[in-house]
Amino acid sequence: MHRFKDLDIWKLSREFCSEIYKVTGSFPETEKFGISNQLRRAAVSIPSNISEGCSRKSNKDFSRFLEIAIGSMYEVETQLLISNDLGFLSDNRLEFLLAKLNSIVKMTSKFKSSLK
Numbered sequence: 221m222h223r224f225k226d227l228d229i230w231k232l233s234r235e236f237c238s239e240i241y242k243v244t245g246s247f248p249e250t251e252k253f254g255i256s257n258q259l260r261r262a263a264v265s266i267p268s269n270i271s272e273g274c275s276r277k278s279n280k281d282f283s284r285f286l287e288i289a290i291g292s293m294y295e296v297e298t299q300l301l302i303s304n305d306l307g308f309l310s311d312n313r314l315e316f317l318l319a320k321l322n323s324i325v326k327m328t329s330k331f332k333s334s335l336k
C-alpha cells in the first residue's frame, strides 16, 4: 500500500484541480451546470482515484485506479480544448493548463509502469 499524501502525482493533481476550480469560476453563469460542472468533476476525479487506488492491497488494483485517473486527465484535456473553442479560456491560459496536465499524465504513466 502507498501513502497517497506522499505521492507527487497526487499533490500535483490536487493543485491542478484547484486551478480548474479557479478557471471555471470565470466561465459564464449559463455554463454552471454545463462544461464548468463537467470540468470540475473530471478534475476532482484525478486525485480522488489516485488516493482511492492507494488503499488497494495489490499493485494491479492500484494500477487500475491510475488508469481511471489518466482517463479523467484526457477528459479534462478535451473539455479545456472545448472551453477554449467557446472562448471561455484564452490561448495562453489553455497552454498553461495543458502543460501542467501533460506533466501530470507523464508522471502518472511512469509511476504506473513502475508498479508492474
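Residues in the sequence shown are numbered consecutively from 221, following this note's numbering.
Every residue gets a Cβ at the ideal spot worked out from N, C-alpha and C, and that includes glycine.
Only a predicted model underlies this, so the values are computations on that prediction, with no experimental measurement involved.
Alpha carbon to alpha carbon, what distance is there between residue j and residue i?
i      : j      : result
Phe285 : Lys242 : 26 Å
Gly254 : Ser323 : 27 Å
Ala319 : Ser278 : 31 Å
Cys274 : Phe224 : 6 Å
Leu314 : Leu301 : 7 Å
Leu309 : Lys330 : 29 Å
Leu232 : Lys336 : 23 Å
Is the separation between the beta-carbon of residue i and that of residue j shorter than 8 Å?
i      : j      : result
Ile240 : Ala263 : yes
Ile290 : Leu227 : no
Thr244 : Arg260 : yes
Met327 : Ile266 : no
Phe282 : His222 : yes
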